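K.L.:
Got a structure here, written out as structure tokens. Questions coming.
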Amino acid sequence: MKEFFKNIIAALILLTLAYVIFVATNVYIFVKSDESKLTPAQYSEKINLLKEELETAEAKFSQNNIKDSSENLNINYDGTPIVWVIELDQSEFKVPLKNIEIDLFNQGFMTFMAEDKLFVGPYIDKSNFDFIQNFLKQNYGISPKEIIKWKN
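Now the structure itself:
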């Protein structure tokens, strides 16, 4: 019986040591990071920025907005949805269209290249293009483009 308790105490000591090493390692990693150098005011500002971004995203993607946008859908004569794209031509830009395509894709937008043109979309709902137009204007200074019906 004494041997059993000795083994349990030894196991508890080993587990305690492992936990102390784990905590010490994480503290060391944190102290070496940039986050450890933040003042409480900077940390509070960072949290407030994240909250604002979250509130903005929630407002954009609220259930009412999704429901309202679904009422703008159009159907072809054969029952398939009409889809829309924005067509960008290389002659309009100094930046290669491939770079714009990669940036749009990284932001979660659908894009594809065809015949030296970049097509953004296709999307069923035209309201998706509001985000795309804003992104193009902010990052590339591209004025809003006409949204055209996609033809296969």
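Heads up: the sequence shown begins at 8 in this note's numbering, then just goes up one per residue.
Think of the CB as a built atom: it goes at the ideal place given N, C-alpha and C, for glycine as much as any other residue.
In this text the structure is predicted, and so the values were computed from the model without any measurement.
1. Where do the ends of the beta strand (DSSP E) carrying Lys124 lie?
2. Could you pull the DSSP bridge partners for Met120 from this structure?
3. Output yes or no for whether 8 Å exceeds the beta carbon distance between Lys152 and Leu95.
4. What is the rounded straight-line gap between the Cα of Leu22 and the Cα of Ala31?
5. I'd like to confirm the pairing. Which residues does DSSP put opposite Val92 in its beta bridges?
6. Give me whichever residues DSSP pairs with Ile82 in a beta bridge.
7. Would you tell me roughly how many angstroms separate the C-alpha atoms of Glu65 and Phe116, rounded to the nearest one?
8. If distances are taken between C-alpha atoms only, which option among Asn81, Asp85 and Ile93 comes closest to Leu143?
9. Which of the three DSSP states is assigned to Ser40 in this structure?
10. Would DSSP call Val30 helix, strand or coil?
11. Beta carbon of Ile82, beta carbon of Lys156: below 8 Å?
12. Does DSSP put Gln97 in a helix, a strand or coil?
13. Taking the straight line between their C-alpha atoms, what separation do you get for Asp85 and Ile54?
14. Please state the DSSP three-state secondary structure of Asn114.
15. Could you give the DSSP three-state label for Lys133: helix, strand or coil?
P.N.:
A quick look at the data gives this:
1. Counting along the chain, the beta strand (DSSP E) containing Lys124 begins and ends at Lys124 to Tyr130.
2. Residue pairing from DSSP places Met120 in a beta bridge opposite Leu125.
3. For Lys152 and Leu95, yes; Cβs fall inside 8 Å.
4. The C-alpha of Ala31 is placed about 14 Å away from the C-alpha of Leu22.
5. Residue pairing by DSSP puts Val92 in a beta bridge opposite Ile155.
6. Beta-bridge annotation (DSSP): Ile82 is paired with Pro88.
7. About 18 Å.
8. Here the closest residue by C-alpha is Ile93.
9. Three-state DSSP puts Ser40 in coil, outside helix and strand.
10. It is helical.
11. No, these two residues do not count as a Cβ contact at 8 Å.
12. In the structure shown, Gln97 adopts helical secondary structure according to DSSP, grouped into three states.
13. Rounded to whole angstroms, Asp85 to Ile54 spans 50 Å at the Cα level.
14. Here the sequence assigns Gln to residue 114, which means Asn is not the residue at that position. DSSP places Gln114 in coil when its eight states are reduced to three.
15. Shown here, Lys133 sits in coil according to DSSP, grouped into three states, outside any helix or strand.
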